[in-house]
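Presented below is the structure to which this report refers.
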Amino acid sequence: MKEVLQRVKEKLEQSFDNPGAYDLEQCLRELEQLKATAGDKQQMMEDVIRAITHAKNAQAQLANAGDESATNAFAEAYRALDQAIESYSNVDNDPV
Numbered sequence: 011m012k013e014v015l016q017r018v019k020e021k022l023e024q025s026f027d028n029p030g031a032y033d034l035e036q037c038l039r040e041l042e043q044l045k046a047t048a049g050d051k052q053q054m055m056e057d058v059i060r061a062i063t064h065a066k067n068a069q070a071q072l073a074n075a076g077d078e079s080a081t082n083a084f085a086e087a088y089r090a091l092d093q094a095i096e097s098y099s100n101v102d103n104d105p106v
């Protein structure tokens with residue numbers, strides 16, 4: 011899962027740098043598939059999907075005007091992906 015999240019993060023970065031060149035739709039499909047197997051992290055995956063959807067919807071706005079709200083949508087998606095990646099990186103298997 012972590013690898014897919016990292017790949018989506020890379021695509022998000024590329025899409026921010028070059029909004030017209032990358033379609034985030036494939037990323038959304040991959041995230042939907044991950045959500046089905048996310049177990050107790052389904053809500054987090056839904057939040058990531060929602061943030062990526064906002065970024066996808068802001069692509070045209072970013073390409074045309076470099077609008078601050080479009081930039082914020084990408085920043086929100088980036089943070090959501092970072093948190094999701096970290097949640098898979100810091101797995102604590104020690105009993106409490």
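Its first residue numbered 11, the sequence shown is counted upward by one per residue in the working numbering. Glycine included, every Cβ here is placed at the ideal spot set by N, Cα and C.
Q: Let me know if Q69 comes out buried or exposed under the rule of 16 or more other beta-carbons within 10 Å of its beta-carbon.
A: Here residue 69 refers to the residue found at position 59 when the sequence shown is read from its first residue. With 16 or more other Cβ atoms within 10 Å, it is buried.
Q. How would you write the range of the alpha helix (DSSP H) that K21 sits in, first residue to last?
A. The residue labelled residue 21 in the question sits at position 11 within the sequence shown. Looking at the DSSP string, the run of the alpha helix (DSSP H) that includes K21 is K12 to D27.
Q | Anticipated Cβ contact below 8 Å, L72 with A85, distance rounded | A | For the purposes of this step, residue 72 is taken as the residue at position 62 of the sequence shown. For the purposes of this step, residue 85 is taken as the residue at position 75 of the sequence shown. The beta-carbon separation of L72 and A85, rounded to 11 Å, does not stay under the 8 Å limit for a contact.
Q | Endpoints, alpha helix (DSSP H) assigned at Y88 | A | Stepping through the sequence shown from its first residue, residue 88 is reached at position 78. Looking at the DSSP string, the run of the alpha helix (DSSP H) that includes Y88 is E78 to S99.
(Q) What does the Cβ neighbour count give for K12, buried or exposed, with the cut at 16 atoms within 10 Å? (A) Stepping through the sequence shown from its first residue, residue 12 is reached at position 2. Looking at its Cβ environment, which holds fewer than 16 other Cβ atoms inside 10 Å, K12 is exposed.
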